[in-house]
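Here is the structure we will look at, set down as structure tokens.
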Amino acid sequence: MRGLLASVALIFAATTAAAGDPLFDAVSAGDTAAVEQALAGGVGVDSRARDQATPLINAALADQLAIAELLIGKGADVMARNSGGFTPLHAAAFSGSLPISKLLLAHGATLDDAANKAGVTPLMVAGEENHVALAAFLLAKGADVGHAEVHGYTPITRAFLKRNTDIVRLFKRHGATCPPASFLGDQDYAKCMEIHD
């Protein structure tokens, strides 16, 4: 089961490793002046890297709030998708950026978007990466704690398999239940059931 959890991390690792494009390098470095210069020089605000990531996706991954604000101000698509189908909000959930997540939702990002290869929502990504404050914020905004992705894993399943105990507690407080022993196995089911406030 755990091998399946690597898919999101691998996709975003490829995005952060893609360097060599001046705009994307400037975004990742937080160089606002260089980003403004590139855009003024005719580079598209939604230009694409090799993995189809946009500058806004990279800004979310690098937790560059000022750059994200600049790009959105220039009309960046808050629902653009990389080659894995992940949006800037998924990227912000992966990096744990609460400010960028708030910004994206304020500009129309879809809270429970799961139209990606893994079928995961931003809440699932935040939970898997153990970003408690961000997961709590997404839940407060109404994120679906019961959504099942393409392999049938719910947010609590993915968090539990990564042994993110605080996230499991958080999800339980919002109504999530441990997957059955038939899904997790007897030992893991017992361990999941032992996690409580």
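For reference, each letter of the sequence shown is one residue, going -19 to -1, 1 to 178 in mature numbering (1 follows the signal peptide of the UniProt record, and there is no 0).
Heads up, the beta-carbon is just placed ideally off N, CA and C, and yes, glycines get one too.
Note that the structure is a prediction, hence the values are computed from the model and not measured.
Secondary structure of residue i, DSSP reduced to three states
i	result
TYR170	helix
PRO161	coil
ALA129	coil
LYS55	coil
ALA95	coil
PHE67	coil
MET105	helix
ASP147	helix
LYS153	helix
ALA34	coil
GLY100	coil
Alpha-carbon spacing of residue i relative to residue j, whole angstroms
i	j	result
ALA19	GLU110	32 Å
ALA47	GLY11	8 Å
LEU4	PRO36	7 Å
CYS159	LEU42	30 Å
ALA87	ASP167	43 Å
ALA30	LEU52	15 Å
PHE67	SER76	13 Å
GLY108	LEU142	11 Å
HIS112	ALA74	8 Å
ALA21	MET60	23 Å
LEU165	THR135	12 Å
ALA72	ASP169	29 Å
ASP44	LEU84	12 Å
GLU17	SER163	54 Å
Residue i vs residue j beta-carbon contact at 7 Å
i	j	result
HIS132	THR102	no
ARG144	ASP178	no
VAL26	LYS55	yes
ALA121	ILE148	no
ALA49	LEU92	no
LEU119	ALA90	no
ALA157	ILE137	yes
ILE81	ASN63	no
MET174	ARG139	no
LEU79	ALA114	yes
Delimiting residues of the alpha helix (DSSP H) encompassing residue i
i	result
residue 206	Residue 206 lies beyond the stretch modelled for the chain, which goes from -19 to 178, so this question has no answer here.
VAL16	13 to 21
SER9	3 to 10
VAL24	No alpha helix (DSSP H) holds VAL24; DSSP gives it neither H nor E.
VAL83	Residue 83 is actually Lys in this sequence, not Val. It spans 79 to 87 - the alpha helix (DSSP H) in which LYS83 sits, taken as one unbroken run.
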